[in-house]
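8 protein chains.
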Amino acid sequence: MEPGSYAHLDHDRLGRTGDPEVVFGLGKTPAQVAELLGRLHAAHPERAVFATRLDDAALDAVAGAHPAAELHRTARAAVLGPLPAPHGSVLVVTGGTADGPVAGEAALTVRVHGAHARVIADVGVAGVHRVLGIRDELAGADCVIVVAGMEGALASVVGGLTGVPTVAVPTSIGYGAAFEGLAALLGMLTSCAPGTVVVNIDNGYGAGVHAARVARRTGRDDPRT
Amino acid sequence: MEPGSYAHLDHDRLGRTGDPEVVFGLGKTPAQVAELLGRLHAAHPERAVFATRLDDAALDAVAGAHPAAELHRTARAAVLGPLPAPHGSVLVVTGGTADGPVAGEAALTVRVHGAHARVIADVGVAGVHRVLGIRDELAGADCVIVVAGMEGALASVVGGLTGVPTVAVPTSIGYGAAFEGLAALLGMLTSCAPGTVVVNIDNGYGAGVHAARVARRTGRDDPRT
Amino acid sequence: MEPGSYAHLDHDRLGRTGDPEVVFGLGKTPAQVAELLGRLHAAHPERAVFATRLDDAALDAVAGAHPAAELHRTARAAVLGPLPAPHGSVLVVTGGTADGPVAGEAALTVRVHGAHARVIADVGVAGVHRVLGIRDELAGADCVIVVAGMEGALASVVGGLTGVPTVAVPTSIGYGAAFEGLAALLGMLTSCAPGTVVVNIDNGYGAGVHAARVARRTGRDDPRT
Amino acid sequence: MEPGSYAHLDHDRLGRTGDPEVVFGLGKTPAQVAELLGRLHAAHPERAVFATRLDDAALDAVAGAHPAAELHRTARAAVLGPLPAPHGSVLVVTGGTADGPVAGEAALTVRVHGAHARVIADVGVAGVHRVLGIRDELAGADCVIVVAGMEGALASVVGGLTGVPTVAVPTSIGYGAAFEGLAALLGMLTSCAPGTVVVNIDNGYGAGVHAARVARRTGRDDPRT
Amino acid sequence: MEPGSYAHLDHDRLGRTGDPEVVFGLGKTPAQVAELLGRLHAAHPERAVFATRLDDAALDAVAGAHPAAELHRTARAAVLGPLPAPHGSVLVVTGGTADGPVAGEAALTVRVHGAHARVIADVGVAGVHRVLGIRDELAGADCVIVVAGMEGALASVVGGLTGVPTVAVPTSIGYGAAFEGLAALLGMLTSCAPGTVVVNIDNGYGAGVHAARVARRTGRDDPRT
Amino acid sequence: MEPGSYAHLDHDRLGRTGDPEVVFGLGKTPAQVAELLGRLHAAHPERAVFATRLDDAALDAVAGAHPAAELHRTARAAVLGPLPAPHGSVLVVTGGTADGPVAGEAALTVRVHGAHARVIADVGVAGVHRVLGIRDELAGADCVIVVAGMEGALASVVGGLTGVPTVAVPTSIGYGAAFEGLAALLGMLTSCAPGTVVVNIDNGYGAGVHAARVARRTGRDDPRT
Amino acid sequence: MEPGSYAHLDHDRLGRTGDPEVVFGLGKTPAQVAELLGRLHAAHPERAVFATRLDDAALDAVAGAHPAAELHRTARAAVLGPLPAPHGSVLVVTGGTADGPVAGEAALTVRVHGAHARVIADVGVAGVHRVLGIRDELAGADCVIVVAGMEGALASVVGGLTGVPTVAVPTSIGYGAAFEGLAALLGMLTSCAPGTVVVNIDNGYGAGVHAARVARRTGRDDPRT
Amino acid sequence: MEPGSYAHLDHDRLGRTGDPEVVFGLGKTPAQVAELLGRLHAAHPERAVFATRLDDAALDAVAGAHPAAELHRTARAAVLGPLPAPHGSVLVVTGGTADGPVAGEAALTVRVHGAHARVIADVGVAGVHRVLGIRDELAGADCVIVVAGMEGALASVVGGLTGVPTVAVPTSIGYGAAFEGLAALLGMLTSCAPGTVVVNIDNGYGAGVHAARVARRTGRDDPRT
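Taken in order, these protein sequences are the chains called A, B, C, D, E, F, G and H.
Residue numbers for the first sequence follow this note's numbering, so the first one is 1 and each next one is one higher.
Residue numbers for the second sequence follow this note's numbering, so the first one is 226 and each next one is one higher.
Residue numbers for the third sequence follow this note's numbering, so the first one is 451 and each next one is one higher.
Residue numbers for the fourth sequence follow this note's numbering, so the first one is 676 and each next one is one higher.
Residue numbers for the fifth sequence follow this note's numbering, so the first one is 901 and each next one is one higher.
Residue numbers for the sixth sequence follow this note's numbering, so the first one is 1126 and each next one is one higher.
Residue numbers for the seventh sequence follow this note's numbering, so the first one is 1351 and each next one is one higher.
Residue numbers for the eighth sequence follow this note's numbering, so the first one is 1576 and each next one is one higher.
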């Protein structure tokens, strides 16, 4: 078997969708991750490509193979190549400390896909004044990503405060009847806040791709960069 | 079979627990409901007894058999005998219009079990200012009951605003991934607001019994009655 | 009880989110639906308000109370007041004939929320050439809504063909292991197409709100109107 | 990143609810737990704060950082600062030996939140005489917490014996069809004993917060302290 | 198609297992039920055969076709032919009034399968004294059947009181988290009382067959007949 | 805490039910298991007591503390004290090799509870001739235990061949849609063979207690001992 | 809207797959069914087309619109146009009487798709001799379809008797833990008989399409026609 | 216990079904796997037998005991004895890299069972052009196996492109709402492509047995061998 024949990269995705393919690290060996990231980079040297869901061994393998790669250990991801200039901005809001890795993956995905990203952490619903305190930040974003576990109520509160397009990411944080993210997933799907859309449990990547697409389309250059 | 032999009423419950037995109407014929309510009343003429989960036919049968009965059609319940003087007060808060019958059952149960009850309806989380507007009412109650369907996020927001003992009632309002109350049930069980306790889906009666027990124990006579 | 006291309309939602409140017909009487729609219209006479999830009786009640209302029987909805000028355009694609009502609700919601909507029906995955045949339409939209039941695979195929922001709506069409939309819901949540976001089963309204928000933000006036 | 910026403690919770924030140890590093507990203690030196769900490493980290901390290894928790004087008393009853850690967490939570707590262990329903033997203890409590796994039937038996407000905690003890606490959770939610309220699986903390709030409100100083 | 060709009766079952085949009425037309019962009776005129799960139309059809048939409307069953002399006795205990039809089916099945059956109804766990009051009856039986819905805790309490072989039948009585018998089923499967065996939800027939087999094997002629 | 105060043994169970209490090893330390087994033995020196669900460490601890104990490593159990003389006989049949430990636990439980036990392994349904080959053994037993994982079809085939009381034990053997025993559990509960009763997944102990109670009652001394 | 614009028939399917499109009647009006069947027939007059999942009204509408149509009321289907000459033969085996409609749909689908079909009904596993009695018929088929509800064990027994390709169809027959076909579905998916493949609950059509494709490929002209 | 008495091999299966028994490695020790494979080989020296679901230790044990064995580490399987000459050909298509082991098990099973197998990997639906690019290969096969995780949409797309008998294998690849293969399983069961049949999650073996049986029956000698 020739090297890398275990995967057929979809180099054409950039042409079809405007977004490059990603290396999804789950279930791949560190060596495979490093090699595939290199192949993606070779195909698209002019813009950033990245790999997600990396454990420490995979991150180390990427660092070893690609000294120019930028490692994001909290987000469990690595980027190779120059980030695109951001168009539009995405605000990522989290319900608790433990939602950090998913929020980090979302924010990094947004940046790789061409928009600006900012994270405001630990805005739990049990202290609703904290949510109310970020109304201006919500209103100023082109797209909002809400990351929350347990009952996921943050999506409903945020969704009721703003008309900015909002994506909810349930996380697997919690125990017992949280059923590894199911409670948050069902809660976000049945949210009483109109227009809330949802991605898979812990899928910061998916939320980031959608949010970046929305933000990029506003055509507003982000003033912060 | 002698009349009424299909049910062995637990007349001793009042002695054991301080609360009278209730006629649970689900699965009983209108005639059975009316007769059982009469038997409960005969055993405890000095204080109110009641029947819950009554359809229109059962309510009519009760009205026909017991002209003195007080009918609560929205709450689908009927009361017979004098209500006890209320001790302590319970506030019932609902997320939406459709939660009304469950909230009504809860409030009536509270009153029958010896506490004062007040209902504030339609305080949805998607308009969080409505919740903030009732902070004084929450603080003034001896026990709070939160009734909400869909994602049930109201329990988390209320639970974060007050230290009053709070009981959450998920309702079967919603569709699709609400799974007939399951989303709200899981959401309330995993609420990030500490101390939230939960009863079965649509179980206004159970929430009312617990809340009345809590409120009665405060020993404060309700100033409103 | 004064008329309409069973519901506290959130007239302020327009100010907070840019979108008017909707009358959600499920669990409301025809008279309630008609009255609430009238109250919404009185509060916002300058722009369309609407009611969803209406059965025939509710549609008739609306028609009787509001001769100016526009009825959409397939979409089970009614609109009152002038539709806003559309900004941006949304394409609604369905997998099968039976997905029509949900697609209709989505399209109408888009129009009420200020964007243009077009429906292309019956583009099932089992005949993938039909999906390939609408690539230009997909590319030309500002947001795409994919409505599909059974296994919901249409979302993955469409999501792989275009980089336009895409919202997937699982429907309850199917039997057996479709589990009233659960198979489609899980399939869309785990779609291999990056950036697919999902709403509740049969929730055309929610998809429409999100899609309209995205489309409006593009600032492109729709050439077709 | 400045130290501790990964978490925004809700110091105001004490003012809103009368209860201090807790450090929830799950998913936090030992160092984070120790530091956050120290910050809570610094904000509220006059009354006990605590941390729950600690593994041995976290308990050791707390012990190292805070020699004054009181460690509860069975309850997997640690307390820092003087316990408040107890008002009212809570009885914690368990179905089996393996429910001990959850019962310990509940009892400790009760004490930190200002009420007296007593645990009676191993009162399984399969030997119902053991339950009947503690009727006096049940009657003398201001609130009862029932901790049980497997089928959770203890909640129904206790709930039928007393009118004291009762909170049921399902535990994940069991195997097979216990589904990690689901059987006990469903059983407690559908208990035939009126007024039973339930918290999440293994959530001794939540039951303790609610029970302490109820017990404190009785205003009876506990004679045992 | 010749009459009755839609079903191949297993006339040999009596030889293999000692028990006659039953007509399971669910999904059969009244005419089919009546005809099949007649065919069974013709094949085994010397001993009773019967049909279960009959609605009113099926019961009427049986009465019309077989005037000698004994109808049991509560148990939704019909018997044709002489009952066998009973060997051994089975006690059927129910948790509530609504469990009556399932208990009736179980008791009738026991009798048709050759043992004596007695029903004690409405022995709910929430009044545990009622269970304790029947200890002698439990001890005197050759097999016990416990029929209960909601949380099904009665099986655990009875199972802890007696060493008589005990079969638990969960019923679909309840609402919400009872999930049409699932809560009772899981509770009975995970009962802490050793030796509890379980049948399908509402399956009084299956419990009756097993119990009769156990009771018949004791070889004790029932003194009551 | 005095030694052993973590568990209140139910020494009276023998008097109530005729069966001694068992040490359920799951969740107990090896030292606890050894001590509790010793206490049970001290209370009932005249007859065997035993401990189940033991891992290697617990088995070693028992061996160290009680040299007279009989260890059953496949069944993961240990017995202390003289086995009672067997009355009646139980046949344990398994579907596959991997069901061995559960079958072993069942057989050992039967012997400790006073009946004879024999195991016939690996009688899978996919080779139905193997089942037919043991018809005589089935007919000669006083009670049959069927242990099977995956789809659990063995219970239906055995149940159709014999009228001997039969207990089905689903095991967690399998993968994917076996859902750790759920497929076998549901299959056995809905078996088309009349009179099949079921215990919890992997619960060889429960099946053994029931089967021994049934077999003992036949009063036939087992000729093989 | 022009007539029939609610559905885009996939006339090209015959070219791609060798099989004509079918009219799936669920969720379509009788008039739509009749019209669509006519359009299919017009496009393929030389070979049979058909419609499935028809209620009585749809069957009547088809009969009225297409006097040449062949109605199959048990199978709830209708055929229009000449059946193709059969190549190869399929044997359909059912577990019980109530599986008849699904078996009928499967058999009719086989014939419409170009193979011979024969049904042997009521071969339940609880009487395994009935299965053994059809070994020759199994061996003589080119493909076998097993239709069974409840626990679905028939698939395992048949699958162990023959090496002929076998398709299992779980049906929704049963109650309680059958969960509308889920028990049979899981049982068939985890069958210990190698090579068993499964279709959706009650999906006789899907099984028929697959079986016909397999049978046709054998190239053996069926001697019975 | 004599060596190997823990398993009764079904040597007769070859006679009944034309296929040899397999050693299913899950839950067996390496030594057991090696010995059982040897016994199978001794019984059928003239044709290949094999073992599946082997971890590295089991593969090493097989290699040590049977130097002639052919090891397939990706497919986690080992073959002993000469492969039969292939009749007919099976095409195995996978959705992603991580589906490789299941696809390998399927392909190897096909070859051991007497047909030719070819694998085309990584034909994900999100790049539908990759599926369209293998239409000729699909058309040329005698049976197709589709292996896919996540939402499993590949089965629907392939099923719509070809009339070759197609077996779908859901894999446990994915996270969150993939629920370890459940999403793919439900999606494949409800596929809109007619005639799709499904096996258990990750069951490459079962798909291979069925596909080989179908391919062998075509009677076409494969030109490639």
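Even for Gly, the Cβ is constructed at its ideal location relative to N, Cα and C.
If you draw a straight line from the C-alpha of residue i to the C-alpha of residue j, how long is it?
i, j, result
"residue 520(C)", "residue 529(C)", "5 Å"
"residue 177(A)", "residue 1294(F)", "27 Å"
"residue 210(A)", "residue 556(C)", "19 Å"
"residue 704(D)", "residue 98(A)", "11 Å"
"residue 915(E)", "residue 995(E)", "36 Å"
"residue 957(E)", "residue 973(E)", "11 Å"
"residue 1391(G)", "residue 1286(F)", "51 Å"
"residue 274(B)", "residue 262(B)", "7 Å"
"residue 984(E)", "residue 1038(E)", "24 Å"
"residue 900(D)", "residue 734(D)", "Caution is warranted here: a pLDDT of 40 is assigned to residue 900(D), below 50, making its placement in the model unreliable, and no coordinate value can be reported."
"residue 637(C)", "residue 1207(F)", "58 Å"
Taking Cβ to Cβ, would you say residue i is nearer than 9 Å to residue j?
i, j, result
"residue 1308(G)", "residue 1473(G)", "Any answer about residue 1308(G) is impossible in this case: the structure gives chain G only from 1351 up to 1575."
"residue 1609(H)", "residue 1636(H)", "yes"
"residue 868(D)", "residue 830(D)", "yes"
"residue 1547(G)", "residue 1517(G)", "yes"
"residue 875(D)", "residue 414(B)", "yes"
"residue 870(D)", "residue 431(B)", "yes"
"residue 1592(H)", "residue 1513(G)", "yes"
Determine the burial state of residue i: buried for a count of at least 16 other Cβ atoms within 10 Å of its Cβ, exposed for fewer.
i, result
"residue 663(C)", "buried"
"residue 796(D)", "buried"
"residue 1740(H)", "buried"
"residue 586(C)", "exposed"
"residue 826(D)", "buried"
"residue 67(A)", "exposed"
"residue 129(A)", "exposed"
"residue 1620(H)", "exposed"
Under the criterion of a Cβ to heavy atom distance below 8 Å, does residue i qualify as lining the ligand PLP?
i, result
"residue 1210(F)", "The ligand content of the structure shown is nil, which means the ligand PLP is not present either."
Closer than 8 Å is the cut-off here; do at least three beta carbon pairs connect the stretch 562-577 of chain C with the stretch 617-637 of chain C? no
Okay, do the stretch 1045-1057 of chain E and the stretch 1138-1156 of chain F touch, 3+ Cβ pairs below 8 Å being the bar? no
Give the residues from the stretch 1051-1079 of chain E that approach chain F closer than 7 Å (Cβ to any Cβ), ordered along the chain. 1061, 1062, 1063, 1065, 1067
When you check each C-beta in the stretch 477-500 of chain C against every C-beta of chain A, which residues fall closer than 7 Å? none
Which of the residues in the stretch 1688-1699 of chain H, read from start to end, lie with their CB under 9 Å from any CB of chain C? 1699
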